[in-house]
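Here's the structure we're looking at; comments come further down.
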Amino acid sequence: MTFEEAHELIKQTLPEKRYIHTLGVVETAERLADQYGENIEQARLAAMLHDYAKYFDTEKMRQVVIDEGLDPNLLQYGDELLHAPVGAVLLARQYDLDPHVLSAIRNHTTGEPGMSRLDQILFVADAIEPNRNYPGVDRLRTEAEQSLEAAVVATLRQTIEFLLKKSVRIFPLTIDTYNDFVNTP
Ligand code: DGI
Ligand code: FE
Ligand code: FE
Ligand code: FE
1 MTFEEAHELI KQTLPEKRYI HTLGVVETAE RLADQYGENI EQARLAAMLH DYAKYFDTEK
61 MRQVVIDEGL DPNLLQYGDE LLHAPVGAVL LARQYDLDPH VLSAIRNHTT GEPGMSRLDQ
121 ILFVADAIEP NRNYPGVDRL RTEAEQSLEA AVVATLRQTI EFLLKKSVRI FPLTIDTYND
181 FVNTP
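So the sequence shown is residues 1 to 185, counted in the UniProt record's numbering.
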């Protein structure tokens, strides 16, 4: 799938606000890929497609988790977790996409221990794109200019703090990713 095909698909699939967020992620992922020497075309494509399933029907996404044998724990936490792994599976079924691109889409909400540099770029870009506006986002932007890994840890910390404040369940993979990065010397 080319970037332009992905762009067309996303323009048709997502509502205006989410489409604008997506363009911000594309621009940010491209900049980070350039800065950290990763594949710019893969970063742009993963960013364009990352929220493909964001507004898909929750019941249908839960069914995809069951039918495709995805981690059944996904059904026991917030439904916000579904769109990343389900989006990756649905895109892989319909289009020819590089596994590196699919991996970044799949783990963009929680991260994953041992995630690739491309995965990290999408994970951070999603959190700091120019349309994001939450307390602490500017600190994350500064962090991302200095170290990609430090920005991943800072993004996970902010996500976990946000979840704690909301008193919602924290998906174990989010914690596993945090521990993995903090343990890395
Ligand atoms: O899709 P976006 O809004 O661009 O961003 P995202 O894919 O990072 O999703 C963020 C949402 O996911 C936000 O509502 C918090 C939720 N989330 C992230 N990690 C966890 C989580 N929800 C639960 N219950 N547990 C998690 O570990
Ligand atoms: Fe998302
Ligand atoms: Fe995110
Ligand atoms: Fe997003």
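Cβ coordinates follow ideal geometry from the N, Cα and C atoms, glycine included.
In this text the structure is predicted, and so the values were computed from the model without any measurement.
Output the distance between the C-alpha atoms of Q94 and M1, rounded to the nearest integer angstrom.
In the sequence shown, counting from the first residue as 1, residue 94 sits at position 94. In the sequence shown, counting from the first residue as 1, residue 1 sits at position 1. Using only the alpha carbons, I get a separation of about 10 Å.
Excluding sequence positions up to five away, which residues of its chain have a Cβ less than 7 Å from the Cβ of R132?
Sequence index remark: in the sequence shown, residue 132 carries index 132 (1-based). Excluding positions up to five away in sequence, the list is empty.
Identify which residue in P113, D57 and D138 has its Cα closest to the Cα of A125.
Position 125 of the sequence shown holds residue 125. Per the C-alpha coordinates, the member of P113, D57 and D138 positioned closest to A125 is D138.
Within 6 Å: the Cβ of D126 and any heavy atom of ligand 4?
If you number the sequence shown from 1, residue 126 lands on position 126. Relative to ligand 4, D126 has its C-beta within less than 6 Å of a heavy atom.
Using CA atoms only, rank isn't needed, just tell me which of P99, Q158, E161 and L81 is closest to I45.
Looking up residue 45 in the sequence shown gives position 45. According to the sequence shown, residue 45 is Leu rather than Ile. Closest by alpha carbon: P99.
Counting pairs of Cβ atoms below 8 Å between the stretch 145–164 and the stretch 45–59, do you hit three or more?
With the cut-off at 8 Å, the stretch 145–164 and the stretch 45–59 do not touch.
On a CA-only basis, which of T159, M115 and D34 is nearest residue 213? Give me that one, please.
With the chain covering 1 to 185 only, the question about residue 213 has no answer from this structure.
Helix, strand or coil at F3 according to DSSP, with G and I counted as helix:
Indexing the sequence shown from 1 puts residue 3 at position 3. F3 falls in the helix class under three-state DSSP.
Rounded separation between L9 and E129 - CA only:
By 1-based counting over the sequence shown, the position of residue 9 is 9. By 1-based counting over the sequence shown, the position of residue 129 is 129. Between the C-alpha atoms of L9 and E129 there is a straight-line separation of about 21 Å.
E80: beta carbon under 6 Å from a heavy atom of ligand 1?
As a working note, residue 80 is residue 80 in the sequence shown. In this structure, E80 has its beta carbon less than 6 Å from a heavy atom of ligand 1.
Out of E16, Q42 and P15, which has the shortest C-alpha to C-alpha gap to T28?
Counted from its first residue, the sequence shown places residue 28 at position 28. With distances taken between Cα atoms, T28 lies closest to Q42.
On the criterion of 16 or more Cβ atoms from any shown chain inside 10 Å, does G111 qualify as buried, or is it exposed?
Here the question's residue 111 lines up with position 111 in the sequence shown. Buried, because 16 or more other Cβ atoms sit within 10 Å of the Cβ of G111.
What do you reckon, is the C-beta of D119 under 6 Å from a heavy atom of ligand 1?
Your numbering for residue 119 matches position 119 in the sequence shown. No, since every heavy atom of ligand 1 falls outside the 6 Å radius drawn around the Cβ of D119.
How many whole angstroms separate the CB atoms of A84 and R106, which I take to be in contact at a CB cut-off of 8 Å?
Here the question's residue 84 lines up with position 84 in the sequence shown. Here the question's residue 106 lines up with position 106 in the sequence shown. Contact flag correct, Cβ pair sits at about 6 Å.
Applying the criterion that 16 or more other CB atoms from any shown protein chain within 10 Å of the CB defines a buried residue, is T142 buried or exposed?
Residue 142 sits at position 142 when you count from the first residue of the sequence shown. That one is exposed.
Our contact map puts P113 next to D71 with C-beta atoms below 8 Å; I'd like the distance itself, whole angstroms only.
Your numbering for residue 113 matches position 113 in the sequence shown. Your numbering for residue 71 matches position 71 in the sequence shown. Contact between P113 and D71 fails: their C-beta atoms lie close to 14 Å from each other, not under 8 Å.
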